[in-house]
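Please read the structure below before turning to the comments.
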Amino acid sequence: MTTHDETPASYRYTSELAGDIERRWQDRWDAEGTFEAPNPTGDLAVDGADGQPLGDKYFIMDMFPYPSGAGLHVGHPLGYIATDVVGRYRRMQGDNVLHSLGYDAFGLPAEIHAVQTGEHPRTNTLANIANMRRQLRRLGLAHDPRRSFATIDPDFVRWTQWIFIQIFESWYDDEQQRARPISELRAEYESGARTAPDGAGWADLEPLERRLLIDSRRLAYVDESPVNWCPGLGTVLANEEVTADGRSERGNFPVFTRNLRQWKMRITAYSDRLIDDLERVDWPESVKNMQRNWIGRSHGARVRFQVEAASTSFDVFTTRPDTLFGATYAVLAPEHELVPALVTDAWPAGTPRSWTNGLETPAEAVAAYRAVAAAKTDLERQENKDKTGVFTGSYATNPVNGEQVPVFIADYVLTGYGTGAIMAVPGGDQRDFEFAEAYGLPIVHTVQPPEGHEGAYVGDGPAVNSAQTGEGATLDVNGLNIAEAKEAVVAWLEAHGAGEGTTTYRLRDWLFSRQRYWGEPFPIVYDESDQPIAVPDHLLPVELPEVPDYSPKTYEPDDADSTPEPPLARADDWVHVTLDLGDGPRPYRRETNTMPNWAGSSWYELRYTDPHNPDAVTDPANERYWLGPKTPGGTGGVDLYVGGVEHAVLHLLYARFWHKVLFDLGHVSSEEPFHRLFNQGYIQAYAFVDERGVYVEASQVEERDGGFWYDGRPVTREYGKMGKSLKNVVTPDEMYEAYGADTFRVYEMSMGPLDVSRPWETRAVVGAQRFLQRVWRLLVDEHTGESLIDDAELDVATLHALHTTIDGVRGDMENLRFNTAVAKLIELTNHLTKVGVSSRAAVEPLVLMLAPLAPHLAEELWSRLGHDDSLTHAPFPVADPAHLTSASVTCVVQVLGKVRGKIEVSPDISDDDLTALALAEPNVVKTIDGREVRKVIVKAPKLVSIVV
RNA sequence: GCCGAGUUGGCGGAAUGGUAGACGCGACGGUCUCAAAAACCGUUGUCCGAAAGGGCGUGCGGGUUCGAGUCCCGCACUCGGCACCA
């Protein structure tokens, strides 16, 4: 960097001076507790001010970071700067602003580091947090430091575990559509108001049966079912953590479906509310859509198909009950539990050879097909879209027309969705059509396809071939459109006991256990009957034991038959524990799985509101003040939540679920955790590869002659994430050093709209620095350091420039358009520089408007303007409407829509006067060229449009 | 395939249906300097023109309108999500 010793302007706003100013103000803000936000009650309430109004609240949150050992790059702070600008602006509007930053500190990288080094993950994580705090403090973020925490803090873990127990001790009442305490369910069983699904009364059940009955209803439950097992990571994963091609999102290892006993959360109970309440929050439409998509609600019908020969029946799910007359066969998933019952002893006479796969009996054919299907991974199943299947030998009855339709098994029907069985309508479904073609099955259209249409027709149209015939016919939907026909068929099915309208969801229950060390232990022990019991409150938090080895047992990534083995299982002394849970000291076994990374982030918004409360997650008064609904019927929640879109269906869905459980149980007054969500874009960066395809250090690449060069050799430019592997990292520390934090903040905010990703360009940062230097020069003499401020009155043009800027910047601030706010402030600064105005009446509002964006410089100039206090709570300037109109405006004169002349006019000129002036403008006269003026559109004073 | 977002100078981007390209970077020219850097001033969509002025321009093709980057219809491409979900 340049040295400034010889520069004549020794009071210039250089990076050194900026650094001095910034550090000084950061220390002062800390010392004075400038950004501490008072609570209504508890340890953060203002002494002696209990019950005093605190003013309007504004609660801002960033998606909290994982404290990575690599430190920050310039992309990370983008959202933090934006929320900081909002927070500072709201404080100048008089709001009580809650803004802090915690750390999401459990997680895989720390565990991997621990496995490699033997160092406890806590040690490394705490060091990373300290480093990140240092980097962020230098940015000058207006956070309340008293409210920061990390999810690994024992005090935080205690409440994560407490919430887990609340969920464990609840069940979902479908009638009341809310979670209720498990004690109320037990009471209903005991009183006889409710019986077991098989009709058994409470008194008929053995104690263990009672427990199993209760346990089966809990919102957090242990269940043996197919889960995503990832041998490469040595742990199971939630559906949300598995990519579309069947690999782990983390590490990209293959994932296999295995039946394992694991913890789950009954998030599916909340499917409807999670979808419906999206209408009530202020979120980007794209994220709402992703959540709707993920939950995948579809309305349709369940239809019963009888199999007389086997004296049984199966249900299919369809979204198109209107096409039932076109169902010419049925398909079960290969894994469907009814398959063995449907397999006949021999092929029915006349069975086509293609239906048997060439095998002698249905039993052989089905067994062979099931074996092949089971051996396939999910990925293989997905990749092979050719329709295959085999006939079971059984026929089922189509309930509407009595037709006997063959029943197949085929792997294009999935076991996990709907009922795992379908009615196949080749006339109206492309997949069924392909299967029917391959197996020579009849194709019946039930919606009239357009002329010349081939294959399955999925569009709307009048129903055809859809009427019962003969005596006692009660169903005829011919001529109805799809919606009408659906309704009529469902009504008929319900009236005849053959099915009913129903809704299914794609969402599965949330797999909640992981075989890892570095996560929250479950507050659960098992008794001698191997059933889970919650650890009592006074024994929380359950802390992680010290273990010799932090690693779970990992396997070859494609070793599908391996079995998860959590590291905690090896801590014998910890696992086996004697507790007195009310009936004397007894031996128990601890749960050895840990919670997934998402646990802490599923409720942390609550802890910011009352971070040290020893008695509750948060005091109800504090929760109500910071998160409660602002208007009756509102959802409540954080006023502004900013983060990346990558959490659209993971964190944001989980957090909504937990929040709703806590709402149902009466612990919070808000129905949603985050009322307004904003997705910031990413800062990406150019990277360069040489002729071998190896990345070279991006900062050393030169651009010349229309190409890029590294060490004298040509390189090609690529674009991607900032990171070590692309050798294109730029750090905030480098920016502080070269330009100062304020310049860095202004540059990041001015690069473009907050929600758009954009490339980092270090050489453009200087533009922000030049801007701040111009502001500085308006107030301070660069050579002497003396003040240049005077008390001169402002001229009309400057008044106009100032007030339109105030007006515009306010609007931009409200709408998070910081890039245009910066542009307006630059314009004002350039105007003042040009006309040589350093009057207090102009520069003081400029400094105040700059304060949210470049707070250190603004504070420094504010004090040079003679103010002793921080400008944190100084009022943001208000535009005077009298100065928003200027003395004259440029009127554009168009002829046939093209601009042909401009005239300076008074803003309150009359239409007639303006028309006359426009028609007299020389170039307009020339363009009209004597033609007849047919029409004149006047939008005084800005525009006249002449039609000839 | 379905859903969502997008496509504007050399680059990042700005534009309540009303002067397209604010603001910034870069580039070019200048001031200062022995010189360079920094800083400052000016020019900068493109083509024709000495200038005045004019032609063409917001992914492509249509449409509505006195007037379209903006509204409507169709298409292409890019990015994100979902996907044999019945």
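Using the UniProt record's numbering, read the first sequence as starting at 1 and increasing by one per residue.
We put the CB at the ideal spot given by N, CA and C, even for glycine.
For residue 144, which option in 369, 854, 99 has the closest C-alpha, if you only look at C-alpha atoms? For the purposes of this step, residue 144 is identified with residue 144 of the first sequence, where counting begins at 1. Distances from the CA of residue 144 to each of 369, 854, 99 were compared; the closest alpha carbon is that of 99.
Apart from the five residues on each side of it in sequence, which residues of its chain come closer than 7 angstroms, Cβ to Cβ, to residue 998? In the structure as shown, the chain starts at 1 and stops at 948, and residue 998 therefore has no counterpart that could be examined.
How many whole angstroms separate the CB atoms of residue 22 and residue 856, which I take to be in contact at a CB cut-off of 8 angstroms? Locating residue 22 in the first sequence gives position 22, where the first residue counts as 1. Locating residue 856 in the first sequence gives position 856, where the first residue counts as 1. Here residue 22 really is in contact with residue 856; their C-beta atoms are around 4 angstroms apart, less than 8 angstroms.
Going by DSSP, name the residue or residues bridged to residue 96. Position 96 of the first sequence, counted from the start, is the residue given in the question as residue 96. Beta-bridge pairing by DSSP links residue 96 to 57.
Outcome for residue 933 when other beta-carbon atoms lying within 10 angstroms are tallied against a minimum of 16: For this step, residue 933 is matched to residue 933 along the first sequence. The residue in question, residue 933, is exposed, as its Cβ has fewer than 16 Cβ neighbours within 10 Å.
Integer Cβ distance of residue 623 from residue 609, believed to fall under 8 angstroms: Here residue 623 refers to the residue found at position 623 when the first sequence is read from its first residue. Here residue 609 refers to the residue found at position 609 when the first sequence is read from its first residue. Between residue 609 and residue 623 the Cβ distance is about 6 angstroms, and since that is below 8 angstroms, they are a contact.
Complete runs of the alpha helix (DSSP H) confined to the UniProt domain "Methionyl/Leucyl tRNA synthetase" (62–144) [at least 4 residues]: 77–92, 108–117, 121–137
From this set, 773, 720, 85, which residue's C-alpha is nearest residue 754's C-alpha? Taking the first sequence and counting its residues from 1, the one referred to as residue 754 is at position 754. Answer by Cα proximity: 85.
Is residue 536 helix, strand or coil when you go by DSSP? Translated into the one-based positions of the first sequence, residue 536 becomes position 536. Coil.
Member of 64, 74, 16, 45 whose CA lies at the smallest distance from the CA of residue 765: The residue you call residue 765 lines up with position 765 of the first sequence. Taking only the C-alpha atoms, the option nearest residue 765 is 74.
So does the stretch 122–139 actually touch the stretch 57–77, counting three or more Cβ pairs closer than 8 angstroms? yes
Helix, strand or coil for residue 19 per DSSP? Numbered from 1 along the first sequence, position 19 holds the residue referred to as residue 19. Residue state, collapsed to three classes: helix.
Option in 217, 186, 215, 216 with minimal Cα separation from residue 202: Counting from one through the first sequence, the residue named residue 202 turns up at place 202. Nearest option by C-alpha distance: 186.
Express the C-alpha separation of residue 248 and residue 1023 in angstroms, rounding to a whole number. This structure gives no information on residue 1023, because the portion of the chain shown stretches from 1 to 948.
Cα-Cα separation, residue 829 to residue 774: Position 829 of the first sequence, counting from 1, holds the residue named residue 829. Position 774 of the first sequence, counting from 1, holds the residue named residue 774. Their backbone Cα atoms lie some 7 angstroms apart in a straight line.
State the start and end residues of the unbroken alpha helix (DSSP H) segment that holds residue 206. On the first sequence, residue 206 is found 206 positions in, with the first residue counted as 1. Careful: residue 206 lies outside any alpha helix (DSSP H) and carries neither H nor E.
Which of the three DSSP states is assigned to residue 486 in this structure? Locating residue 486 in the first sequence gives position 486, where the first residue counts as 1. DSSP places residue 486 in helix when its eight states are reduced to three.
Hey, could you find the ends of the alpha helix (DSSP H) residue 880 is sitting in? Counting from one through the first sequence, the residue named residue 880 turns up at place 880. Residue 880 -> no alpha helix (DSSP H), and no H or E assigned at all.
Taking the straight line between their C-alpha atoms, what separation do you get for residue 336 and residue 225? Your numbering for residue 336 matches position 336 in the first sequence. Your numbering for residue 225 matches position 225 in the first sequence. Approximately 14 angstroms, taken between the alpha carbons.
Strictly by DSSP, which residues pair up with residue 719? Sequence index remark: in the first sequence, residue 719 carries index 719 (1-based). BP columns for residue 719 point to 686.
Cβ-Cβ distance between residue 895 and residue 826 below 9 angstroms: As a first step, residue 895 is located in the first sequence; it is residue number 895 there, counting from the start. As a first step, residue 826 is located in the first sequence; it is residue number 826 there, counting from the start. It is not a contact, given that the beta carbons lie outside the stated cut-off.
Residue range of the unbroken alpha helix (DSSP H) whose run includes residue 156: Here residue 156 refers to the residue found at position 156 when the first sequence is read from its first residue. 154–168 is the extent of the alpha helix (DSSP H) around residue 156.
Over the uninterrupted beta strand (DSSP E) stretch that includes residue 376, give me the two end residues. For this step, residue 376 is matched to residue 376 along the first sequence. No beta strand (DSSP E) holds residue 376; DSSP gives it neither H nor E.
Using CA coordinates, which residue listed in 242, 601, 791, 843 is at the minimum distance from residue 806? Position 806 of the first sequence holds residue 806. If we check each option's Cα against that of residue 806, 843 comes out closest.
Separation of residue 45 from residue 503, as counted between CA atoms: Along the first sequence, read from residue 1 onward, the residue named residue 503 stands at position 503. Along the first sequence, read from residue 1 onward, the residue named residue 45 stands at position 45. If you take the alpha carbons of residue 503 and residue 45, they lie about 48 angstroms apart.
Could you have a look at residue 834 and say whether DSSP puts it in helix, strand or coil? Within the first sequence, numbered from 1, the residue matching residue 834 stands at position 834. Helix at residue 834.
Does the beta-carbon of residue 672 have 16 or more other beta-carbons within 10 angstroms, so that it is buried, or is it exposed? Counting from 1 along the first sequence, the entry for residue 672 is found at position 672. Residue 672 is buried by the Cβ-count criterion.
From this set, 270, 659, 371, which residue's C-alpha is nearest residue 508's C-alpha? For the purposes of this step, residue 508 is identified with residue 508 of the first sequence, where counting begins at 1. Measuring from the Cα of residue 508, the nearest candidate turns out to be 270.
Should residue 382 go down as buried or exposed, given a rule of 16 or more other Cβ atoms within 10 Å for buried? Position 382 of the first sequence, counted from the start, is the residue given in the question as residue 382. Exposed, because fewer than 16 other Cβ atoms sit within 10 Å of the Cβ of residue 382.
Own chain, CB closer than 6 angstroms to residue 812, minus 5 neighbours either side, in chain order: To locate residue 812, count along the first sequence from 1; it is residue 812. Result list for residue 812: 820, 821, in chain order.
Suppose the cutoff is 7 angstroms on Cβ atoms and the five residues either side in sequence are ignored; what does the same chain contact list for residue 217 look like? Start at 1 with the first residue of the first sequence, and residue 217 comes out as number 217. Contacts found: 171, 185.
What does DSSP give as the partner residues of residue 423 in its beta bridges? On the first sequence, residue 423 is found 423 positions in, with the first residue counted as 1. Looking at the DSSP assignment, residue 423 forms a beta bridge with 330.
Could you say which of 311, 598, 414 lies nearest to residue 394 if we only look at CA atoms? As a first step, residue 394 must be located in the first sequence, where it is residue number 394. Between residue 394 and the set 311, 598, 414, the nearest pair of CA atoms involves 311.
Would you kindly report the start and end of the unbroken alpha helix (DSSP H) that includes residue 601? What you label residue 601 is simply residue 601 of the first sequence in a count that begins at 1. Counting along the chain, the alpha helix (DSSP H) containing residue 601 begins and ends at 598–601.
Using three-state DSSP, classify residue 12 as helix, strand or coil. Taking the first sequence and counting its residues from 1, one reaches residue 12 at position 12. Here residue 12 sits in coil by DSSP.
The beta strand (DSSP E) enclosing residue 935, as first and last residue numbers: Residue numbering aside, residue 935 sits at position 935 when the first sequence is read from its first letter. Counting along the chain, the beta strand (DSSP E) containing residue 935 begins and ends at 935–939.
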